[in-house]
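In this note's numbering, the protein residues as written are 21 to 294. All residues carry an ideal CB built from backbone N, CA and C; glycine is no exception. Model, not experiment: these values are computed from the prediction.
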């Protein structure tokens, strides 16, 4: 793990904040748990973070033998099941040691030199099944941010790739697993063409600083901007003048008739060893 990654993922504040769950994430956990085959007696969650999923399973599926693996010591403090420190490219578990291996919201973060190794490791540790979830058909540019200091542009969540139906169906074939089912979760209703409209007329929205640290120069917002200035800026940006309020009223009227489209935030796939 690089020095930047250590600083990013060993933040106590980062993992404590992630412990607060909304209904969408809880629903994703439920839908993922339903996909665990009935003949799986043990499960290892690789890249478990602060253990939200394995902790959920400990309550909902107490018969499962559970293991959480993550490279962050700060994250593992929150894991209530058996746990080990370890990297996804070299998982510290024996071959076929768990019936089911899960990897949720992890592989979209992996660089090219780690990606293939990680998928091979998931397959190696699994005796029967692998479950992987990732953001679905993500528009990576929509979540870009720009460092105020070095001007580097990157995905605010450090996502490096996106995934489609066909990507997920073929994902584990090279490693001896076939996709037996997949589902989408986290329904989103968008206005058609809204993304293209924002990109054309409000390009600055795609450059707002939304990351705890820059992966290139190490810039940290809280170190550069005093808290009182940040609070004042927030108040100024959220204040709505009567003129803006009236404008919003008239520009909001077309939304009542504008066509909408359904999308999903996540895709969850189940793979079985061939």
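Give the single residue among the options whose Cα lies nearest to the Cα of residue i.
{"i": "residue 172", "options": "142, 80 and 237", "result": "237"}
{"i": "residue 95", "options": "145, 227, 70 and 45", "result": "70"}
{"i": "residue 93", "options": "147, 68 and 205", "result": "68"}
{"i": "residue 158", "options": "79, 143 and 129", "result": "129"}
{"i": "residue 233", "options": "207, 194, 174 and 189", "result": "174"}
{"i": "residue 187", "options": "54, 287, 206 and 51", "result": "287"}
{"i": "residue 193", "options": "167, 117 and 289", "result": "289"}
{"i": "residue 139", "options": "201, 195, 91 and 294", "result": "195"}
{"i": "residue 168", "options": "97, 52 and 230", "result": "230"}
{"i": "residue 170", "options": "222, 227 and 132", "result": "227"}
{"i": "residue 206", "options": "123, 152 and 285", "result": "285"}
{"i": "residue 79", "options": "222, 132, 49 and 220", "result": "49"}
{"i": "residue 184", "options": "202, 197 and 198", "result": "202"}
{"i": "residue 91", "options": "66, 115 and 239", "result": "66"}
{"i": "residue 116", "options": "127, 197 and 51", "result": "197"}
{"i": "residue 118", "options": "220, 87 and 283", "result": "87"}
{"i": "residue 122", "options": "239, 152 and 107", "result": "152"}
{"i": "residue 132", "options": "166, 181 and 163", "result": "181"}
{"i": "residue 58", "options": "45, 43, 83 and 44", "result": "83"}
{"i": "residue 218", "options": "189, 240, 235 and 163", "result": "163"}
{"i": "residue 235", "options": "216, 97, 107 and 165", "result": "165"}
Three-state secondary structure (DSSP) at residue i?
{"i": "residue 103", "result": "strand"}
{"i": "residue 188", "result": "helix"}
{"i": "residue 223", "result": "helix"}
{"i": "residue 163", "result": "helix"}
{"i": "residue 111", "result": "coil"}
{"i": "residue 180", "result": "coil"}
{"i": "residue 60", "result": "coil"}
{"i": "residue 195", "result": "helix"}
{"i": "residue 2", "result": "Residue 2 falls outside the range modelled here, since the chain spans only 21 to 294, and no answer is possible."}
{"i": "residue 128", "result": "helix"}
{"i": "residue 10", "result": "Past the boundaries of the shown model lies residue 10; the chain is included only from 21 to 294, so the question cannot be answered."}
{"i": "residue 245", "result": "With a pLDDT of 37 at residue 245, under the threshold of 50, the predicted position of this residue should be treated as unreliable, though the coordinate-derived value follows. Three-state result, residue 245: coil."}
{"i": "residue 141", "result": "helix"}
{"i": "residue 236", "result": "coil"}
{"i": "residue 86", "result": "strand"}
{"i": "residue 290", "result": "strand"}
{"i": "residue 212", "result": "coil"}
{"i": "residue 205", "result": "strand"}
{"i": "residue 158", "result": "coil"}
{"i": "residue 98", "result": "coil"}
Would you mind giving the Cβ-Cβ distance between residue i and residue j, rounded to the nearest angstrom? I have them listed as a contact below 8 Å.
{"i": "residue 125", "j": "residue 154", "result": "7 Å"}
{"i": "residue 113", "j": "residue 64", "result": "6 Å"}
Would you mind stating whether residue i and residue j have Cβ atoms separated by less than 8 Å?
{"i": "residue 141", "j": "residue 105", "result": "no"}
{"i": "residue 209", "j": "residue 120", "result": "no"}
{"i": "residue 291", "j": "residue 145", "result": "no"}
{"i": "residue 293", "j": "residue 148", "result": "yes"}
{"i": "residue 143", "j": "residue 134", "result": "no"}
{"i": "residue 109", "j": "residue 137", "result": "yes"}
{"i": "residue 53", "j": "residue 81", "result": "yes"}
{"i": "residue 204", "j": "residue 281", "result": "no"}
{"i": "residue 160", "j": "residue 179", "result": "yes"}
The region 97-114 contacting the region 70-77, beta-carbon criterion three pairs below 8 Å: yes
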